[in-house]
Amino acid sequence: MSFFQATFRFYEELNDFLPEEKRKVDFCHSFAGHPSIKDTIEALGVPHTEVDLILVNGEAVDFHYQLQDQDRVSVYPMFEGFDISAVNKLRPKPLRHPKFILDVHLGKLAKYLRMLGIDCVYRNDLSDPEIVKRAVDENRIVLTRDKGILKHTVIQHGYFIRSSDPDLQLIEVLKRFDLIHQIKPFDRCLECNAQIRPIAKEEIIDRLPPRTKDFYKDFCYCDQCQKIYWRGSHYENMLGRINDVVKTMNSDTKKYDYFDHEADIGIIGKGNTIEEAFVSGAEAMFAIMSELTTVKLVQEIQFDFEENDDELAFVEWLNMLIAFAREKGLQLAKFECRRDEAHWYGKAWGDRWENCLDRGTEVKGATLTSLNVLQRDGQWQARCVVDV
Ligand SMILES: [Zn+2]
67 MSFFQATFRF YEELNDFLPE EKRKVDFCHS FAGHPSIKDT IEALGVPHTE
117 VDLILVNGEA VDFHYQLQDQ DRVSVYPMFE GFDISAVNKL RPKPLRHPKF
167 ILDVHLGKLA KYLRMLGIDC VYRNDLSDPE IVKRAVDENR IVLTRDKGIL
217 KHTVIQHGYF IRSSDPDLQL IEVLKRFDLI HQIKPFDRCL ECNAQIRPIA
267 KEEIIDRLPP RTKDFYKDFC YCDQCQKIYW RGSHYENMLG RINDVVKTMN
317 SDTKKYDYFD HEADIGIIGK GNTIEEAFVS GAEAMFAIMS ELTTVKLVQE
367 IQFDFEENDD ELAFVEWLNM LIAFAREKGL QLAKFECRRD EAHWYGKAWG
417 DRWENCLDRG TEVKGATLTS LNVLQRDGQW QARCVVDV
């Protein structure tokens, strides 16, 4: 069997997992065959859940990548949300068991997270300065739909929630902070966030509703707010809903995605054709402004334009949609795109803003930043940064 060599370098706190001589330096690793990069990294001592980004010869790869002779591998840790301070990418201390503090508009998300046993402070009357102070004092990650609060330089860890829909918000947070393996239902008070404890039925029997007294035998108690919990139908329903959410999360059927870009948001539309990728890109952009599934499709717009260049056509397509939406006061939620050489035809449907359930972050327009339209492995991807 022949042996190969690759050069590795681990960054930031991933070095905690390495022996002294391998920390913060390039080192050679010998291997046989074609192991996956995931197995190799774990064999070197670093759990894959700590890893956020792997570059091989300068290109990002996923965990399935098979290591080749002479590869140069750089491995980066999870960053807790996007970094607020541009200067210092380092965290003073990694957050292995993330705790959160939620902005005042995220009450439903707070309940969902508490149901999963995740520690999150939420009160609908907290002021921005109070949120900032508790985030710093208690080393909590700020979750918000308001970028302003994340600009406070004292905040080390923050995440700007993209979606306006609580189910999708939960998916976002679980994914972004890799919380799936930390879920512990029936562990935390939904009202006050304190940890709850099992309690004997006799101790609280006077406080139970008659039917509950007859039907349930296991109870938990919150010492902080004196609330009693049992696994009734309401609780089971909510848990069922969360299970559905997690299932959706794993099926990964979504045709669009986002990437962080300083104070703005990068969008990625995917599809089997360039037109499908453009449609997914439009969905990504309008989903920042509102939950698309709640928008009625009662108004229609149509337009067309000339553009030879695929990439410029993507920006033009997005900006025409934005311009129409603004001019007519619409939130758009469904899109059609057709191309005939350099001629592009667009259609979109939506509803007037005043009839929509919520209004998220406004997108001002698509930009040329990180603009890229390409076909890879039979899949089209269109990406760019949008101004918010
Ligand atoms: Zn409580």
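The sequence shown begins at 67 in my numbering and counts up by one. We treat Cβ as the ideally placed atom computed from N, Cα and C, and that holds for glycine.
{"Check": "Determine the DSSP secondary structure at R211, reduced to helix, strand or coil.", "Outcome": "coil"}
{"Check": "Three or more beta-carbon pairs under 8 Å between the segment 128–138 and the segment 166–185, yes or no?", "Outcome": "no"}
{"Check": "Considering only heavy atoms of ligand 1, list every residue whose Cβ is less than 6 Å from one of them, following chain order.", "Outcome": "C255, E257, C258, A260, C288, Q290, C291 and K293"}
{"Check": "If I measure Cβ to Cβ from R449 and keep anything under 8 Å in the same chain, skipping five residues before and after, which residues do I get?", "Outcome": "F325, G332, I333, I334, G335, G347, S436, L437, N438 and V439"}
{"Check": "Out of I167, H218, P232 and E420, point me to the one whose CA is closest to R200's CA.", "Outcome": "I167"}
{"Check": "Quick check: R418 and K400, are their CB atoms within less than 9 Å of each other?", "Outcome": "no"}
{"Check": "Any idea which residues DSSP pairs D323 with across the strands?", "Outcome": "I334"}
{"Check": "If you drop the 5 nearest sequence neighbours on each side, which residues of the same chain put their C-beta closer than 7 Å to that of G147?", "Outcome": "Its pLDDT being 41, under 50, G147 is placed unreliably by the model, and the measurement read from it follows with that caveat. Excluding sequence neighbours, G147 sits near I207, H223, G224, Y225 and R242."}
{"Check": "Specify the secondary structure class of E87 as computed by DSSP and reduced to three states.", "Outcome": "helix"}
{"Check": "Going by C-alpha to C-alpha distance, which of I120, R277, W383 and D233 sits closest to N309?", "Outcome": "D233"}
{"Check": "Counting only runs that start and end within the segment 95–149, where is the alpha helix (DSSP H) found for 4 or more residues in a row?", "Outcome": "103–109"}
{"Check": "Which residues in the same chain have their Cβ closer than 6 Å to the Cβ of Q235, if we skip the five residues on either side of it in sequence?", "Outcome": "L175, I227 and S229"}
{"Check": "Nearest-angstrom Cα distance between Y322 and L384?", "Outcome": "14 Å"}
{"Check": "Let me know the alpha helix (DSSP H) ranges lying completely inside the segment 361–431, each 4 residues or longer, listed in chain order.", "Outcome": "376–394"}
{"Check": "Looking only at its chain, what residues have a beta carbon closer than 6 Å to the beta carbon of V220, apart from the 5 residues adjacent to it on each side?", "Outcome": "V202"}
{"Check": "Helix, strand or coil, according to DSSP, for V52 in the structure here?", "Outcome": "Residue 52 is absent from the model: the chain starts at 67 and stops at 454."}
{"Check": "Given E33, which residues of its chain have a CB within under 8 Å of its CB, disregarding the five upstream and five downstream residues?", "Outcome": "The structure shown does not extend to residue 33, since the chain spans only 67 to 454, so no value can be given for it."}
{"Check": "Identify the continuous alpha helix (DSSP H) that holds V198 and give its terminal residues.", "Outcome": "D194 to D203"}
{"Check": "Comparing alpha-carbon positions, which option in G111, A126 and L398 lies nearest A414?", "Outcome": "L398"}
{"Check": "Kindly confirm or deny that the segment 178–191 and the segment 251–260 touch, where touching means at least three C-beta pairs closer than 8 Å.", "Outcome": "yes"}
{"Check": "Does the Cβ-Cβ distance between T73 and F97 come in under 9 Å?", "Outcome": "no"}
{"Check": "Please report how far the alpha carbon of V198 lies from the alpha carbon of E204, in whole angstroms.", "Outcome": "10 Å"}
{"Check": "In whole angstroms, what separates the C-alpha of V127 from that of V451?", "Outcome": "22 Å"}
{"Check": "Please tell me whether F352 and A389 are closer than 9 Å, where the distance is taken between their beta carbons.", "Outcome": "no"}
{"Check": "What first and last residue would you give for the beta strand (DSSP E) that runs through V439?", "Outcome": "N438 to R442"}
{"Check": "Take the Cβ of S356 as the centre, count every other Cβ of all protein chains shown within 10 Å, and call the residue buried at 16 or more, exposed below.", "Outcome": "buried"}
{"Check": "Considering Cα atoms alone, identify which of V91, T339, E269 and V187 is closest to Q292.", "Outcome": "E269"}
{"Check": "Compute the distance between the beta-carbons of Q447 and G412, then report whether it is under 9 Å.", "Outcome": "no"}
{"Check": "Alpha carbon to alpha carbon, what distance is there between D82 and V122?", "Outcome": "21 Å"}
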